[in-house]
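Residue numbers (the working numbering): 805 to 916. Let me begin by presenting the structure, written as structure tokens, before commenting on it.
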């Protein structure tokens, strides 16, 4: 029936929500790795103005990332909650679709 109705991707919201959650976790991990790498580079750089430039870049990047997370929080956006709501909406839609399908299956077929 899903092919007939054209809903062969009924789990699109669930898949998208899962991918959003994975990508946000990867982004956070990559940002932490970048911060750690920048700090290590500063510790390894002993000559010239490199340490102060690296520390300034590290500080700016850390501040901007914190600003982004603060903005998300101020806007009431919690990526984990968004993902949970997407998964719940997908489950609700699947149940509605199944209920509608059950009703359609009970209708008599029309032969043309």
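Just so you know, even glycine gets a beta-carbon here, dropped at the ideal spot from N, CA and C.
For residue i, tell me which candidate among the options has the shortest Cα-Cα distance.
i           : options            : result
residue 823 : 886, 915, 844, 904 : 886
residue 858 : 817, 842, 891, 899 : 842
residue 828 : 901, 882, 915, 896 : 882
residue 817 : 902, 903, 907, 896 : 896
State buried or exposed for residue i, treating a residue as buried only when at least 16 other CB atoms are found within 10 Å of its CB.
i           : result
residue 821 : buried
residue 917 : As shown, the chain starts at 805 and ends at 916. That puts residue 917 outside it, with no answer to give.
residue 831 : exposed
I'd like to confirm something about residue i: is its beta-carbon nearer than 8 Å to some heavy atom of the ligand MG, or not?
i           : result
residue 821 : By its list of ligands, the structure shown contains no ligand whatsoever, and the ligand MG lies outside what it can speak to.
*What alpha helix (DSSP H) runs, 4 residues minimum, are completely inside the stretch 836-888?*
For secondary structure counted as the alpha helix (DSSP H) over 4 or more consecutive residues, the stretch 836-888 holds these complete runs in sequence order: 854-878.
*Quick check: the stretch 833-845 against the stretch 865-878, are there 3 or more CB pairs under 8 Å?*
Flag = yes, the stretch 833-845 and the stretch 865-878 touch.
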